[in-house]
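Report on the structure given below.
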Amino acid sequence: MKKVMLKTTISLAVSLASTQIFAAGFAINEHSISGMGTGYAGRSSSADDASTVYGNPAGMSRLTREQVTGGVAFLDAKTDISDASSSPNGGSNKGDMVPFTSVPMGFYVKPIDEHWAFGLGVYVPFGLITDYEKGFAGRYFGSKSEVQVITFQPTVSYKFNDVVSIGFGPTINRIDGTLESNLSITQALPDGKVKIKGDDTALGYNIGVLVQATDTTRLGLTYHSKVDYKLEGNTKVNYGALAAVGLGASQKYDASLKITTPESVDFSVTQAINDRWNVYAGTTWTRWSQLEKITVKNSGVQPLLAGQFGEITEEQNWHDSWAYAVGTSYQLNKEWVLRTGLTFDQSPTNNVDRSPRIPTGDRTIFSIGAGWSPTDDLTIDVAYSYLKEEAVKIRNENDRGQTYDAKYENSANGFGVGATYRF
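Throughout the sequence shown, residue numbering follows mature numbering (1 follows the signal peptide of the UniProt record, and there is no 0), covering -23 to -1, 1 to 400 in sequence.
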């Protein structure tokens, strides 16, 4: 029972620190539909629309008109599970545990004068949804997960001259999480369930520098800070079989969990080849190594179970990850621009601690996109991405002899549509 609870609480923490299918550790990349088309290769240097509030706050200095950019990305993930075995024997391995989901975004930028600009952004930097079928063979190590971070970012930028600009924005971040797993004391009785809920609001910041190195070369550097959360919520445990010893069919404990989402540094280059062609290259470093261990504290636990549920700690030992991207755009005519990109993204997980909630490996992403400007005031962007992960193996076990081993192969399709309106 201790091991089931431990795996559930750890999975909650990992999910909060990680998040969705198009970035390492499940960190969500979908903050710009125009950027999605180039695989986010020029995220810190392109500054094509108001989504630069996230990509690089300094990029607001390049926008000469007040504008609003909004959009939504749709994610359709697929998982093939093979070579699965479990104890007790039985249970299904259908995979496809990530439902079709959407990720919204919205940004606003207003130039104030030749030096200053102001912006606002609302986006989802982290998020996770997994929902396995009833009777899943690995249900004791994770049956359902739903975690989301929503960020609001007011931002200012300052243009020193035609070469250098800077930008800064504090972030207000709201995190909510719910995770579930099955609990079994004996095969002779139906499963119980463990359900954890928690939330918190915390502050962070983004800062960026943009340099127009030459008439055709632009460099961008963006730092997204870590965010320290202390989630407050509850742990509900349906014991089932333990009702006979006076614990009742279920118990509810107050729970707290400290977790930090990692800082990241994004560097990119935008190179104009001629009036029609642009080439982009970028790299992102994310400090996942700070996720070394997780400690969950539960209060109100009965004396009989205090040693098992009072405080739970487990090592994670994630490692820092790098992502690399290259992309191009081609101005077909005044109305149309075409985009494409290729991204390689490392996973921070390791073979020892990987679980059914986060069965991810290194991934390669191919992207295409287009922008249509029927007028000077309006641009409509569309994008498509295909993700393929390397096959990875998981092995979970607990102290009651329950195990789950499997090979996971993940892939996903991403679709994005957005628009920018200039006033």
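Where is the CB? At the ideal position from N, CA and C, for every residue including glycine. Note that the structure is predicted; figures quoted are calculated from it, not measured.
* Segment limits, alpha helix (DSSP H) that includes ILE10 -> 10 to 14
* With 16 as the cutoff for other CB atoms within 10 Å, does PHE(-2) come out buried or exposed? -> At PHE(-2) the pLDDT is 48, less than 50, meaning the model places this residue with poor confidence; the figure from the coordinates comes in the next sentence. When all chains shown are included, PHE(-2) counts as buried.
* To do: Taking THR263 and ASP297 to be in contact with their CB atoms under 8 Å, please state how far apart those CB atoms are, rounded to whole angstroms.
  => 7 Å
* To do: With a threshold of 16 other CB atoms inside 10 Å of the CB of LEU156, please say whether the residue is buried or exposed.
  => buried
* To do: Report the option in ASN215, GLU209, ILE127 whose CA atom is closest to the CA atom of ARG158.
  => Reading off the sequence, residue 158 comes out as Ser, not Arg. Measuring from the Cα of SER158, the nearest candidate turns out to be ASN215.
* Asked: What is the C-beta distance between GLY144 and THR132, in whole angstroms, given that I count them as a contact (C-beta under 8 Å)?
  -> 6 Å
* Asked: Which of helix, strand or coil does DSSP assign to THR193?
  -> coil
* To do: Determine the direct distance from the alpha carbon of PRO336 to that of PRO76, and round the result to whole angstroms.
  => 15 Å
* By Cβ distance below 6 Å, which residues in the same chain neighbour ASP382 in space, the five residues on each side in sequence not counted? -> SER62, ARG372
* alpha helix (DSSP H) runs wholly inside the segment 297 to 363, at least 4 long, in chain order -> none
* Asked: Rounded to the nearest angstrom, how far is the Cβ of GLU43 from that of PRO102, given a contact under 8 Å?
  -> That belief does not hold up - the Cβ atoms of GLU43 and PRO102 are roughly 25 Å apart, past 8 Å.
* To do: Mind listing, in chain order, the continuous beta strand (DSSP E) runs of no fewer than 3 residues lying wholly within the segment 125 to 196?
  => 141 to 160, 169 to 189
* For LEU319 and VAL303, believed in contact at Cβ under 8 Å, the rounded distance -> 6 Å
* Asked: Tell me which same chain residues have a C-beta within less than 7 Å of the C-beta of ASP139, skipping the five on either side of it?
  -> GLN189
* Asked: If you follow the alpha helix (DSSP H) that THR29 is part of, which residue opens it and which one closes it?
  -> 29 to 32
* Asked: Since TYR117 sits in a beta bridge, which residues does DSSP pair it with?
  -> TYR117 pairs with nothing; no bridge assigned.
* **Helix, strand or coil at PRO254 [DSSP, three-state]** => Correcting the residue identity first, residue 254 is Trp in this sequence and not Pro. If DSSP states are grouped into helix, strand and coil, TRP254 belongs with the strands.
* To do: Specify the secondary structure class of GLN228 as computed by DSSP and reduced to three states.
  => strand
* Asked: Can you tell me the Cα-Cα spacing of MET74 and ASP53, whole angstroms?
  -> 11 Å
* To do: Go ahead and pull the three-state DSSP assignment for TRP262.
  => strand
* Would GLY72 be called buried (16 or more neighbouring beta carbons within 10 Å of its own) or exposed? -> buried
* To do: Output the boundary residues of the beta strand (DSSP E) element that contains PRO76.
  => Looking at the DSSP string, PRO76 is not in any beta strand (DSSP E), and its letter there is neither H nor E.
* First and last residue of the uninterrupted beta strand (DSSP E) at ASN211 -> 204 to 215
* **Bridge partners - HIS201, DSSP secondary structure assignment** => ASN183, SER241
* **Rounded straight-line distance, which links the Cα of ARG399 to that of ASP353** => 8 Å
* Please state if the CB of THR317 and the CB of ILE345 are separated by a distance shorter than 8 Å. => yes
* What is the residue span of the beta strand (DSSP E) that ILE271 lies within? -> 270 to 276
* DSSP three-state call for ARG39: helix, strand or coil? -> helix
* **Beta-carbon contacts of GLY98 that lie in its chain and below 6 Å, excluding the five residues immediately before and after** => VAL30, TYR31, PHE84, GLN130
* Endpoints, beta strand (DSSP E) assigned at TRP93 -> 93 to 108
* Asked: What residue range is occupied by the uninterrupted beta strand (DSSP E) comprising GLN44?
  -> 44 to 64
* **Residue of ILE5, GLU7, MET37, GLY115 minimising C-alpha distance to ARG331** => GLY115
* Less than 8 Å separating the beta-carbons of PRO325 and GLY119? -> no
* Identity of the residue in GLN308, ASN255, LEU234 nearest THR272 by Cα -> LEU234
* By how many angstroms is the C-alpha of SER362 removed from the C-alpha of GLY12? -> 11 Å
* Asked: When the Cα atoms are used, what is the spatial distance from residue 401 to SER38?
  -> Absent from the structure is residue 401, since the part of the chain shown begins at -23 and ends at 400.
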